[in-house]
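Trainee: This is the structure I want to talk about, given as structure tokens.
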Amino acid sequence: MSDQVAALEARLAQLEDRLTRAEDIEAVRKLQYQYGYYLDKTYYEEVVELFADREDTRVHFLHGVFHGKAGAQRLYTGRFMTKFADGHNGPRYGRLLDHPQMQGVITLSEDGQSARGRFRSLMSAGNHETVEGFRQWWEGGVYENEYVKVDGQWRIKVLNFRSLWQGQFDQGWSKAPVEYAGYLTDTYPDDPHGPDEIVDDWGMFPRTETVPFHYDHPVTGNPVTD
Amino acid sequence: MSDQVAALEARLAQLEDRLTRAEDIEAVRKLQYQYGYYLDKTYYEEVVELFADREDTRVHFLHGVFHGKAGAQRLYTGRFMTKFADGHNGPRYGRLLDHPQMQGVITLSEDGQSARGRFRSLMSAGNHETVEGFRQWWEGGVYENEYVKVDGQWRIKVLNFRSLWQGQFDQGWSKAPVEYAGYLTDTYPDDPHGPDEIVDDWGMFPRTETVPFHYDHPVTGNPVTD
Amino acid sequence: MSDQVAALEARLAQLEDRLTRAEDIEAVRKLQYQYGYYLDKTYYEEVVELFADREDTRVHFLHGVFHGKAGAQRLYTGRFMTKFADGHNGPRYGRLLDHPQMQGVITLSEDGQSARGRFRSLMSAGNHETVEGFRQWWEGGVYENEYVKVDGQWRIKVLNFRSLWQGQFDQGWSKAPVEYAGYLTDTYPDDPHGPDEIVDDWGMFPRTETVPFHYDHPVTGNPVTD
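Protein chains in written order, with the working numbering: chain A, 1444 to 1669; chain B, 1444 to 1669; chain C, 1444 to 1669.
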């Protein structure tokens, strides 16, 4: 009898592990989706609070790499809040930054304490014509993020967003400038809202480098790279 | 030994609860997605059948609030079927109303008998130029819905859709009229397909009020509001 | 006591089954999403490897039906690689084919060895104006796919994509030609990259046939068809 009970216990423990992994995948998806809803509405303080407070926390944005939670603050509550929300936290009249989150491929680590996720966005953005700085654009991009479990709760560790193309609303991606002019080039503190580091090994459309996949091909097991 | 068995039984019961919750989250997502596919094709009778038949059932649409399943019928098989489908149930030649469902943040109640879900859409809509009433537009919007489990099956209890912006295909959201003219203003029965109630505390782009979140910030635990 | 243990064992077995089903639904979603990311970047060899190698494997594309894995190769590494990627595997400078995957309604078979899934896409595509063959377009479509579990891993068995509308970037779906001219009409080997079979019982917008649902209405249990 005690053998039977031990066998049941082992099956139960395995089941608990598997269910925890399924719950974690859903939790990571939810975290990324919540990030997206805050970002839409320029709730930048709320975005920053989703990051793990670690030395190896990173945010990648247009060739800039921001280090640690301080770097995330510099980007979101510094750079973006100034540029997109007049220095306020939360939505501003006449400014649209819809940034849907889609197509999450989430891979949990063996030990279940970290995860990687590939997501994408298709953005509708711009100011209303009655608001200073009018322009409107479509934008596509891919995320390859890392997440970490902190005291049982998921946080963003590395947010690696690559804007892949932008198109003025009436011109489209096909008429984007051959060389995109908006990459970050100056680091902090020269640029007070600048990144800690510049990594410029990719470019926007018409360039088409693949955002590196965090996973190998699910059937062949081979890495897929340009 | 019987202590061991009791302990196993308790773990098993907990696991059953957790798995039921995970299945319910997927079931709510699936329900919202199925709603979306029917709505695309103006299968309005099928949309109405997704709602719970309760006194507190509600549909919110452009400042109108429709009460009960009778209200849902008035909106879908009355107003929409007339306006978008010539009084027919199902798709009509030359009319496009693609209404993708994305980014579901789903929160189950403690007792698992109800749920809330935030979703969004990015719509491609309009008539073909050869069909009367030609116009084409993009539209973005957010849902904050409530769902309820009825005899083990999920139903929509409150469907709260906020169209956040519309843009004529060749003009975009940036050139939307400052005051959107399409809000519902007359209640039933003055408007035979009208709502039971008007709630006008929000407006479309260039207004940018946040659709209230059904959840607090996942890290700070604070509510996030404008 | 042994009755108690037998009862626990039965509950545990049931739980294992349910969890396997939940994991399989997530696995099918992930497979479809991985397909989407490879397709974006014209990794056609990698797309073909996602298919089950079966006689009844099928790919449907613009009235053409391709049989078996050989058919899938003819379409992806033959037709598409030639047309969209200059005969190369992987992304090409100045060519955009973003093909997001959304809104998966996934239904597992009773025995858990096969599944059906309805997904959709909203595509941003075209060549940069500096690249030969310039044009840019939006495109919407729906998938009704079948999947099969092979040695514990999910594969695509039937990929049935219906492009539902296309719109030139500056004209939109409303100005699509009344009769779309791009359907496949010649079979293999007359067309060396052609399908094995032509099925022309549907058309693109302004036609609006519903892509048949693999599932009945979740509440009424009735089929939903045009």
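Even for Gly, the Cβ is constructed at its ideal location relative to N, Cα and C. Computed from a predicted model, the values in this text were never measured in an experiment.
Strictly below 9 Å CB to CB, what residues from chain C border Leu1565 (chain A)?
Mentor: Asp1541, Pro1543, Leu1565 and Ser1567
Trainee: Are the beta-carbon atoms belonging to Gly1560 (chain C) and Tyr1590 (chain C) less than 9 Å from one another?
Mentor: yes
Trainee: Using 9 Å as the limit for Cβ to Cβ distance, is Arg1522 (chain C) near chain A?
Mentor: no
Trainee: What are the residues of the stretch 1638–1650 of chain C that lie near chain B, defined by any Cβ-Cβ distance shorter than 8 Å?
Mentor: Phe1648, Pro1649 and Arg1650
Trainee: Of the residues that make up the stretch 1567–1582 of chain A, which ones have a beta carbon closer than 8 Å to any beta carbon in chain B?
Mentor: Ser1567, Gly1569, Asn1570, His1571, Glu1572, Thr1573, Val1574, Phe1577, Arg1578 and Gln1579
Trainee: Please report how far the alpha carbon of Glu1622 (chain A) lies from the alpha carbon of Asp1529 (chain A), in whole angstroms.
Mentor: 28 Å
Trainee: If we count the other Cβ atoms within 10 Å of its Cβ and call it buried at 16 or more, is Asn1665 (chain B) buried or exposed?
Mentor: exposed
Trainee: How would you list, in chain order, the residues of chain B whose beta-carbon sits under 7 Å from the beta-carbon of Trp1608 (chain C)?
Mentor: Here the neighbours are Leu1539.
Trainee: Anything in chain A within Cβ reach of Ala1465 (chain B), meaning under 9 Å, just list it in chain order.
Mentor: Leu1462, Ala1465, Glu1466 and Glu1469
Trainee: Report buried or exposed for Ala1558 (chain C), applying the criterion of at least 16 other Cβ atoms within 10 angstroms of its Cβ.
Mentor: Ala1558 (chain C) sits buried, since 16 or more C-beta atoms from the chains shown fall within 10 Å of its C-beta.
Trainee: Distance, Cα to Cα, Asp1629 (chain A) vs Arg1598 (chain A)?
Mentor: 28 Å
Trainee: What's the call for Thr1663 (chain B), buried or exposed, on a 16-neighbour Cβ count within 10 Å?
Mentor: exposed
Trainee: Whole-angstrom Cβ separation of Leu1482 (chain C) and His1542 (chain C), contact assumed at under 8 Å?
Mentor: Indeed, because the Cβ distance is near 5 Å, the residues count as touching under 8 Å.
Trainee: Give me, in chain order, the residues of the same chain whose beta-carbon lies closer than 8 Å to that of Phe1523 (chain A); leave out the 5 immediate sequence neighbours on both sides.
Mentor: Thr1485 and Tyr1487
Trainee: Note down, one range per segment and in chain order, each beta strand (DSSP E) of at least 3 residues found wholly within the stretch 1490–1574 of chain C.
Mentor: 1501–1504, 1507–1510, 1538–1541, 1545–1551 and 1557–1570
Trainee: Taking only three categories from DSSP, how would you classify Val1601 (chain B)?
Mentor: strand
Trainee: Counting pairs of beta carbons, one from the stretch 1502–1511 of chain A and one from the stretch 1567–1587 of chain B, are three or more of them closer than 8 Å?
Mentor: no
Trainee: Which residues does DSSP pair with Asn1665 (chain C) in a beta bridge?
Mentor: Answer by DSSP bridge pairing: none, since Asn1665 (chain C) is not bridged.
Trainee: On a Cα-Cα basis, can you pick out the residue from C:Pro1655, C:Ile1549 and C:Gln1457 that is closest to Asp1467 (chain C)?
Mentor: For Asp1467 (chain C), the nearest C-alpha among the options comes from C:Ile1549.
Trainee: So, is the C-beta of Gln1556 (chain A) closer than 9 Å to a C-beta in chain B?
Mentor: no
Trainee: Which residues, taken in chain order from the stretch 1447–1459 of chain A, show a beta carbon closer than 8 Å to some beta carbon of chain C?
Mentor: Gln1447, Val1448, Leu1451, Arg1454, Leu1455 and Leu1458
Trainee: Pop quiz: Phe1509 (chain A) and Pro1638 (chain A) are said to be a contact at Cβ under 8 Å. What is the actual Cβ separation, rounded to whole angstroms?
Mentor: 5 Å
Trainee: Using C-beta distances below 6 Å, list every residue in its chain close to Pro1429 (chain C), excluding the 5 sequence neighbours before and after it, in chain order.
Mentor: The structure shown does not extend to residue 1429 (chain C), since chain C is modelled only from 1444 to 1669, so the question has no answer here.
Trainee: Suppose you measure from the CA of Gln1614 (chain B) to the CA of Asp1613 (chain A); what does that come to, to the nearest Å?
Mentor: 8 Å
Trainee: Are the C-beta atoms of Gln1546 (chain C) and some chain B residue less than 9 Å apart?
Mentor: It does: the Cβ of Gln1546 (chain C) has a partner Cβ on chain B nearer than 9 Å.
Trainee: Quick one: is Phe1604 (chain A) near chain C, going by C-beta distance under 9 Å?
Mentor: no
Trainee: I need the DSSP call for Lys1484 (chain A), collapsed to helix, strand or coil.
Mentor: If DSSP states are grouped into helix, strand and coil, Lys1484 (chain A) belongs with coil.
Trainee: Pull out every residue of the stretch 1480–1514 of chain A whose Cβ sits closer than 8 Å to any Cβ of chain B, in chain order.
Mentor: Result list: Tyr1480, Tyr1481, Lys1484, Tyr1486, Glu1489, Glu1492 and Leu1493.
Trainee: If you draw a straight line from the C-alpha of Glu1469 (chain A) to the C-alpha of Thr1463 (chain A), how long is it?
Mentor: So the two alpha carbons sit approximately 10 Å from each other.
Trainee: In or out: His1531 (chain A) buried (at least 16 other Cβ within 10 Å) or exposed?
Mentor: exposed
Trainee: Mind checking Lys1526 (chain C): buried by the 16 CB within 10 Å criterion, or exposed?
Mentor: Lys1526 (chain C) is exposed by the Cβ-count criterion.
Trainee: Using a threshold of 9 Å, state whether the C-beta atoms of Asn1588 (chain B) and Gln1475 (chain B) are closer than that.
Mentor: yes
Trainee: Under 9 Å between the Cβ atoms of Met1566 (chain A) and Gln1546 (chain B)?
Mentor: no
Trainee: Going by DSSP, which residues form a beta bridge with Ser1617 (chain C)?
Mentor: Beta-bridge partners assigned by DSSP to Ser1617 (chain C): none are found.
Trainee: Just the C-alpha distance for Val1585 (chain A) and Met1647 (chain B), rounded to the nearest angstrom, thanks.
Mentor: 28 Å
Trainee: Report the option in B:Thr1651, B:Tyr1658 and B:Asp1659 whose CA atom is closest to the CA atom of Leu1540 (chain A).
Mentor: B:Thr1651
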